[in-house]
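Single-structure report; data block below.
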Amino acid sequence: GLIVAPPRTGKTMLLQEIADSVSENHPELHLMVLLIDERPEEVTEMRRRVKGEVIASSMDREVESHVRIGQLIIERGKRLAEAGHGVFVLLDSITRTARAFNKWVGNTGRTMSGGLDIKALEIPRKMFGTARRFEEGGSLTVVATALIETGSRMDDAIFQEFKGTGNMEMMLSRDLADRRIWPSIDITRSGTRHEENFFTEEEYGYVTMIRRHLITLTPAEAMDKLIKMMEKFPSNAEFFEKVRLMM
101 GLIVAPPRTG KTMLLQEIAD SVSENHPELH LMVLLIDERP EEVTEMRRRV KGEVIASSMD
161 REVESHVRIG QLIIERGKRL AEAGHGVFVL LDSITRTARA FNKWVGNTGR TMSGGLDIKA
221 LEIPRKMFGT ARRFEEGGSL TVVATALIET GSRMDDAIFQ EFKGTGNMEM MLSRDLADRR
281 IWPSIDITRS GTRHEENFFT EEEYGYVTMI RRHLITLTPA EAMDKLIKMM EKFPSNAEFF
341 EKVRLMM
C-alpha cells in the first residue's frame with residue numbers, strides 16, 4: 101500500500117499509529133519499520149515509540165548505506181515470510197529510497213523527468229512489489245510513504261511511477277491538516293483494491309452507502325463527519341449496526 105503525503109500532514113504520526121495498531125491487534129506479526137534518509141531525531145522518536153523492529157539509515161549516512169539497508173531489510177522480510185511468518189513492513193519513504201538509488205546508479209544516459217535515471221527505480225519497484233502471500237503460509241505486507249508537493253520534479257516523477265501500483269492508496273491532505281483534522285486523510289481520493297473482500301456482503305453494502313454519502317461533501321467535511329461518527333462506537337460491528345438501524 102501507498103501513503104501519499106504532502107509536507108506537514110502528520111505522516112510520521114500516522115505511521116506510529118499504524119505501528120501501534122499492528123502491535124496491539126496483531127501481535128503475531130513481525131513488525132519492521134524501515135526509515136531511509138530520515139532525520140536522526142525522527143529515528144530516535146520512532147525507536148522510542150514503536151513496539152517492533154526499527155531499522156534506519158538516517159540522513160547523516162552515506163547513499164551506499166541507504167541502498168544496502170533498504171535491500172537487506174526487504175529481503176529479510178521476504179525470507180521470514182517464505183518461512184511461514186506474517187511480516188508487516190512500514191517503509192518511510194519510497195521517495196527517499198528512490199532518490200538514494202538514483203545517486204547510487206549514477207548517470208546511465210537515460211533520464212526521466214526531474215533528472216531521475218530510468219534504472220534508479222528498478223530495485224525500489226522490486227522492493228515495493230515484494231509484498232504478497234507465499235505458498236508456505238507466510239505473508240509480507242509493505243506500506244510505503246510517497247512524498248508529494250515538495251517542490252521537487254524528481255519527487256513528482258517518483259510518485260507517478262508508483263501511483264496505482266499498490267493494493268491500497270491513502271491520500272493525505274494539507275488542507276485537512278491545516279484545519280487540524282486528524283488523521284488528515286482525503287477519503288474521496290483514497291481506496292483499496294477489491295475492498296469487498298474485507299467485509300461480509302451486508303457490511304460492504306453499508307460501506308458503499310457511507311462512501312456515497314461522504315463523496316457529496318468536501319474532503320474536510322467528509323473526514324470530520326466520519327471521525328465524529330466512528331468515535332461514538334468502539335468497534336466496526338457496532339458502527340455498522342447503527343448504520344443498519346438508520347437505513
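Those letters in the sequence shown? Residues 101 to 347, by the working numbering.
Ideal Cβ positions, reconstructed from N, Cα and C, are used throughout, including at glycine.
Bear in mind that the values here come from a model prediction, so they are computed numbers and not experimental data.
Annotated three-state conformation of Ala244 is strand, per DSSP. When the beta-carbon positions are compared, Gly186 and Ser239 come within less than 8 Å of each other. The distance from the Cβ of Ile194 to that of Phe228 is about 6 Å, consistent with a contact at the 8 Å cut-off. Assigned with DSSP and collapsed to three states, His185 falls in coil, not helix or strand. Thr241 and Arg232 have their C-alpha atoms some 7 Å from each other. Bridge partners of Val343 according to DSSP: none are assigned.
In the same chain as Met323, and ignoring 5 residues on each side of it, the C-beta atoms closer than 7 Å to its own belong to Leu276, Ile281, Ile285 and Ile287, in chain order. Counting along the chain, the unbroken beta strand (DSSP E) around His130 starts and ends at His130 to Ile136. Under the three-state reduction of DSSP, Gly170 is assigned to helix. Rounded to the nearest whole angstrom, the CA to CA distance from Asn202 to Gly215 is 9 Å. As the crow flies, the alpha-carbon of Glu138 is around 15 Å from that of Asp255.
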